[in-house]
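Trainee: Below are the structure tokens for one structure; questions will follow.
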Amino acid sequence: MSLLRVQDLNFYYGDLQALFNIEMDIEEGRLTTIVGANAAGKSTLLNTISGIIRQRSGSIKFNGQNIEGLPPHRRVEIGIIQIPEGRLLFPWMTVEENLELGAFTPNARILRKKNLERVYDILPLLKERRKQRAGSLSGGEQQMCAIGRGLMAMPKLLMLDEPSLGLAPIIVQEMFETIQNINKEGTTVLLVEQNVQWALEMAHQGFVLENGHIILEGKGSELLQNEYLKKAYLGI
Ligand code: ATP
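Offset between the sequence shown (1-based) and this note's numbering: plus 24.
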């Protein structure tokens with residue numbers, strides 16, 4: 025079943041068109057990735073889905089409901105959660121306080137304790153660090169904390185914007201495994217990545233965005249065999 029359907033979506037920054045006729049169908053339970061170079065429009069696309077910015081035209085349906093008119097906080101309430109690029113934690117607050125801030129919708133607030141335990145099960149490192157200030161964590165740990173905070177909002181669709189940015193390869197691998205585990209537990213994931221090889225290896229479904237256009241889509245494993253993709257993005 026389709027959880028998110030984006031149809032004929034166009035977005036402009038002033039006179040500059042950043043997204044062109046985007047068509048995207050994301051099935052419930054899937055791990056989907058959007059890959060592409062710098063400035064391709066990946067963050068812009070996520071931001072239109074979360075409602076931080078408004079498209080010029082086109083429709084976005086979530087769970088069968090048209091959501092173009094909803095403000096970002098209403099989209100959070102229906103389960104669209106975005107982990108922004110750069111994590112945006114409160115560095116002087118503890119890990120646990122940062123996590124609790126994720127539970128700001130009425131439903132999530134009621135289930136806060138239970139969800140906190142769930143986050144600690146998925147990300148045990150955060151439990152060890154729970155009394156530590158978020159600003160004292162390593163880059164990888166901060167990224168995990170940002171993901172944990174997103175989970176506290178009880179996502180139906182978890183969108184992650186370049187979670188691997190600035191992390192050492194070994195940490196990136198750990199983080200991708202965590203994202204896969206979150207997906208296996210039933211959360212639909214939309215992952216934006218520049219790390220094309222890794223993202224497509226683990227994704228059920230992938231989209232390649234180039235200059236605001238989706239130029240390729242398909243199963244992650246199939247895209248990795250595509251001659252153009254191999255040449256342009258993997259240097260093979
Ligand atoms: P990156 O990996 O560098 O974050 P991206 O694929 O996420 O790239 P976007 O950040 O969505 O790309 O940018 C798409 C295009 O829109 C780029 O040409 C960028 O310069 C432009 N752009 C992004 N934000 C703005 C803005 N606030 N005002 C004007 N132009 C913008």
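Heads up, the beta-carbon is just placed ideally off N, CA and C, and yes, glycines get one too. Please read these numbers as outputs of a predicted model, since none were measured by experiment.
For ligand 1, enumerate in chain order all residues having a CB closer than 5 Å to any of its heavy atoms.
Mentor: Cβ-based neighbours of ligand 1 within the cut-off: 37, 42, 62, 63, 64, 65, 66, 67, 68.
Trainee: Mind checking which residues open and close the beta strand (DSSP E) that includes residue 29?
Mentor: Its beta strand (DSSP E) spans residues 26 to 37.
Trainee: Quick one: what does DSSP say residue 200 is sitting in, helix, strand or coil?
Mentor: It is helical.
Trainee: Considering only the alpha carbon of each residue, which of 238, 234, 236, 230 lies closest to residue 249?
Mentor: If we check each option's Cα against that of residue 249, 230 comes out closest.
Trainee: Taking Cβ to Cβ, would you say residue 66 is nearer than 8 Å to residue 75?
Mentor: Cβ distance not < 8 Å, so residue 66 and residue 75 don't count as in contact.
Trainee: Can you confirm whether the stretch 129 to 140 touches the stretch 180 to 199 when touching is taken to mean that 3 or more C-beta pairs between the two stretches lie within less than 8 Å?
Mentor: Verdict: no, contact absent.
Trainee: Can the beta-carbon of residue 182 be found less than 8 Å from the beta-carbon of residue 206?
Mentor: In this structure, residue 206 lies closer than 8 Å to residue 182 by Cβ.
Trainee: Is the beta carbon of residue 72 less than 8 Å from the beta carbon of residue 112?
Mentor: No, these two residues do not count as a Cβ contact at 8 Å.
Trainee: Here's the rule I'm using: 16 or more other beta-carbon atoms within 10 Å means buried, otherwise exposed. How should residue 99 be labelled?
Mentor: Classification for residue 99: buried.
Trainee: How would you label residue 152, buried or exposed, when you count the other beta carbons within 10 angstroms and need 16 or more for buried?
Mentor: Result: exposed.
Trainee: To the nearest angstrom, how far is the alpha carbon of residue 115 from that of residue 170?
Mentor: Straight-line Cα distance between these residues: approximately 11 Å.
Trainee: Check whether the Cβ atoms of residue 167 and residue 158 lie closer than 8 Å to each other.
Mentor: No.
Trainee: So, is residue 173 buried or exposed, given that buried needs 16 or more other C-beta atoms within 10 angstroms?
Mentor: With 16 or more other Cβ atoms within 10 Å, it is buried.
Trainee: Measuring CB atoms only, is the stretch 46 to 60 touching the stretch 89 to 108, in the sense that at least three cross pairs come out at less than 8 Å?
Mentor: Counting Cβ pairs under 8 Å, fewer than three are found: no touch.
Trainee: Which runs of the beta strand (DSSP E) at least 3 residues long sit entirely within the stretch 61 to 118? Give them in chain order.
Mentor: List check, beta strand (DSSP E) in window: 81 to 86, 104 to 107.
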